[in-house]
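What follows is a single structure, written as structure tokens, with notes after it.
Residue numbers (this note's numbering): 1 to 148.
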């Protein structure tokens, strides 16, 4: 996957993790982190490329850090539902970064209206878009596809 763009959609509440002692973390890194570092080192030696963790990423987080995302019982996540609807309508003529920003605006507007009606139940949710695509890359899904 070196040099290839990667798209990640994170639908999860980003409520803070418990604080871990820095000395404890340095003495024994989590097993998953050790495995990730080993595979990254192998990829770096095989391809000669570095910075896989920040290059060529397009990420859509469902909300800010230390915030919760909204789920609606049988209907699921508002972010995922809005993303699917937006992709279905606009994937043929807009790039993914642009679509993620459209989703961000729509979710913020919808949750803002819900919060106005029932502030004790709802919060305004703002998805976050992080783009580190190199060389001003644009990612398109199904260009020139106009449905069945």
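We put the CB at the ideal spot given by N, CA and C, even for glycine.
Model, not experiment: these values are computed from the prediction.
Comparing C-alpha positions only, which one of the options sits nearest to residue i?
i, options, result
"residue 10", "57, 4 and 3", "57"
"residue 128", "90, 59, 117 and 142", "59"
"residue 12", "2, 62, 5 and 6", "62"
"residue 136", "91, 97 and 8", "97"
"residue 82", "138, 74, 108 and 92", "108"
"residue 106", "72, 117 and 125", "125"
"residue 130", "78, 75, 104 and 88", "104"
"residue 8", "75, 100, 77 and 88", "100"
On the three-state DSSP scale, how would you describe residue i?
i, result
"residue 123", "coil"
"residue 133", "coil"
"residue 56", "coil"
"residue 112", "helix"
"residue 72", "strand"
"residue 85", "helix"
"residue 6", "strand"
"residue 22", "Summary for residue 22: the model assigns pLDDT 28, below 50, so the residue's position carries little reliability; its value from the coordinates is reported in the next sentence. Helix, per DSSP."
Please work out which residues of its chain come closer than 8 Å, Cβ to Cβ, to residue i, disregarding the five sequence neighbours upstream and downstream, and give them in chain order.
i, result
"residue 123", "67, 68, 70, 111 and 115"
"residue 102", "86, 90 and 94"
"residue 113", "none"
"residue 5", "56, 57, 58, 133, 137 and 139"
"residue 72", "78"
Near residue i, what residues of its chain come up, given a Cβ to Cβ distance below 6 Å and the 5 sequence neighbours on each side ignored?
i, result
"residue 80", "11"
"residue 141", "91"
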